[in-house]
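Undergrad: Sequential numbering of the sequence shown, starting at 352, is according to our numbering.
There's a structure below that I have some questions on.
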Amino acid sequence: MLIVCPSCASTYSLTSEQLGDGRQLRCAKCRQLWHATPADAIPESEGVQAQADLSTSLDASFVSQEAREAPRADHEALEASTAPAPEKRRPAPGRRRADAPKRTGRGLRLSTVHAAAAALLVAATLAVTQRAAIVRIMPQTAKLYAAAGAPVNLRGLEFGDLRSELVIDRDQAILVVEGQIKGVSAGETEVPKVTVSLRGAEGREIYAWTSDVSRSTLGKGESTTFRTRLVSPPAEGRDVVVRFADRDSHATLTR
352 MLIVCPSCAS TYSLTSEQLG DGRQLRCAKC RQLWHATPAD AIPESEGVQA
402 QADLSTSLDA SFVSQEAREA PRADHEALEA STAPAPEKRR PAPGRRRADA
452 PKRTGRGLRL STVHAAAAAL LVAATLAVTQ RAAIVRIMPQ TAKLYAAAGA
502 PVNLRGLEFG DLRSELVIDR DQAILVVEGQ IKGVSAGETE VPKVTVSLRG
552 AEGREIYAWT SDVSRSTLGK GESTTFRTRL VSPPAEGRDV VVRFADRDSH
602 ATLTR
């Protein structure tokens with residue numbers, strides 16, 4: 352199921368066991384703290400409806416843009432109305448009916464339908480091919496894309512092969528966290544540091560630290576690894592959350 356931050360619309364994937372009857376959550380992006388319940392979750396079955404909501408949201412944004420441009424259009428129309436009208440030459444008698452085009456009601460209806468279909472096709476194409484640009488402009492659409500099964504990765508990096516292990520060295524407990532970072536967008540993407548957080552049973556952050564990454568940039572398809580250790584981790588820790596140091600892309604590990 353998907354949980355959406357009520358403040359910035361960032362989305363997080365949780366299982367029903369993790370959410371339980373409800374729990375306190377903190378958004379990794381805006382730090383908003385709220386109590387989430389199963390009633391707030393977006394089930395996968397609503398993906399089709401969410402896509403329809405996305406189209407409605409996009410149409411609303413296009414209508415808003417047209418409304419902002421309306422005053423300029425009215426001003427241009429006023430200037431055109433005050434300009435002297437060009438001299439019109441009256442057609443010769445007998446030619447008016449022959450030259451005048453004939454337009455039927457059916458032809459007008461078909462033209463309107465074709466124009467509407469073309470506009471919907473363009474809007475749908477933009478919604479799919481320009482997802483990242485749309486989410487940057489309208490962050491609230493991120494949850495709609497995620498519910499439709501097409502989450503948007505604005506960073507261009509993703510985690511993979513994450514592992515956490517608690518080892519004992521000379522009677523001392525050490526938490527080892529390691530994983531892979533992969534570039535998924537075109538061009539070179541800057542790789543930030545990695546922040547590792549240890550959370551308790553209620554999802555509250557107990558301890559966090561930052562780790563360097565071996566590479567500073569990654570191209571599409573390239574990858575790098577990181578490995579960090581915490582000596583004597585708090586005993587009440589249950590989950591390990593790995594995220595990039597300056598944004599909300601993250602992954603959760605259960606100890």
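The beta-carbon is built from N, C-alpha and C at its ideal position, and this holds for glycine as well.
These numbers come from a predicted model, not from an experiment.
1) Tell me whether C381 is buried or exposed, calling it buried when 16 or more other Cβ atoms sit within 10 Å of its Cβ.
2) Nearest to A559 by alpha carbon, out of G551, R566 and S565?
3) Where R589 and A467 are concerned, what is the direct C-alpha to C-alpha distance, given to the nearest angstrom?
4) Tell me A559's beta-bridge partners as DSSP assigns them.
5) To the nearest whole angstrom, what separates the beta carbons of R566 and V542, a pair I think is in contact under 8 Å?
6) Where do the ends of the beta strand (DSSP E) carrying E383 lie?
7) Excluding the five sequence neighbours on either side, which residues of its own chain have a C-beta within less than 8 Å of the C-beta of Q607, listed in chain order?
8) How far does the alpha helix (DSSP H) with S367 in it extend, from its first residue to its last?
9) For T362, which of A379, Q375 and G371 has the nearest alpha-carbon?
10) Under a three-way DSSP split, which group does D520 fall into?
11) Tell me the rounded alpha-carbon separation between Q531 and D372.
12) Across which residues does DSSP place R374 in a beta bridge pair?
13) Buried or exposed: L517, going by 16 or more other Cβ atoms within 10 Å of its Cβ?
14) Whose C-alpha, out of E368, I354 and S364, is nearest the C-alpha of H390?
15) Report the option in R521, E529, A499 and G538 whose CA atom is closest to the CA atom of G507.
16) For L370, which residues in the same chain have their Cβ closer than 8 Å to its Cβ, ignoring the five residues on either side in sequence?
17) Identify the residues that DSSP records as bridge partners of R580: which are they?
18) Near R374, which residues of its chain fall below 8 Å by C-beta distance, leaving aside the five closest residues on each side in sequence?
TA: Taking the structure as given:
1) It is exposed - the Cβ of C381 has fewer than 16 other Cβ atoms within 10 Å.
2) Out of G551, R566 and S565, G551 has the C-alpha closest to the C-alpha of A559.
3) Going from the Cα of R589 to the Cα of A467 covers about 54 Å.
4) BP columns for A559 point to S548.
5) Cβ-Cβ separation between R566 and V542: approximately 6 Å, consistent with a contact (criterion under 8 Å).
6) Correcting the residue type first, residue 383 is Gln in the shown sequence and not Glu. If you look at Q383, you'll find it isn't in any beta strand (DSSP E); DSSP assigns it neither H nor E.
7) The shown model of the chain, from 352 to 606, leaves out residue 607, and the question about it has no answer.
8) Per DSSP, S367 belongs to the alpha helix (DSSP H) from S367 to L370.
9) The candidate whose alpha carbon is nearest that of T362 is A379.
10) Three-state result, D520: strand.
11) Cα atoms of Q531 and D372: separation of roughly 33 Å, rounded to the nearest angstrom.
12) By DSSP's assignment, R374 forms a beta bridge with A387.
13) The residue in question, L517, is exposed, as its Cβ has fewer than 16 Cβ neighbours within 10 Å.
14) The sequence shown places Ala at residue 390, not His. When only C-alpha atoms are compared, the closest one is I354.
15) When each option's Cα is compared against that of G507, the closest is G538.
16) Cβ within range, chain order: M352, I354, A387, T388, P389 and A392.
17) In DSSP, R580 forms a bridge with V527.
18) H386, A387, E553 and G554.
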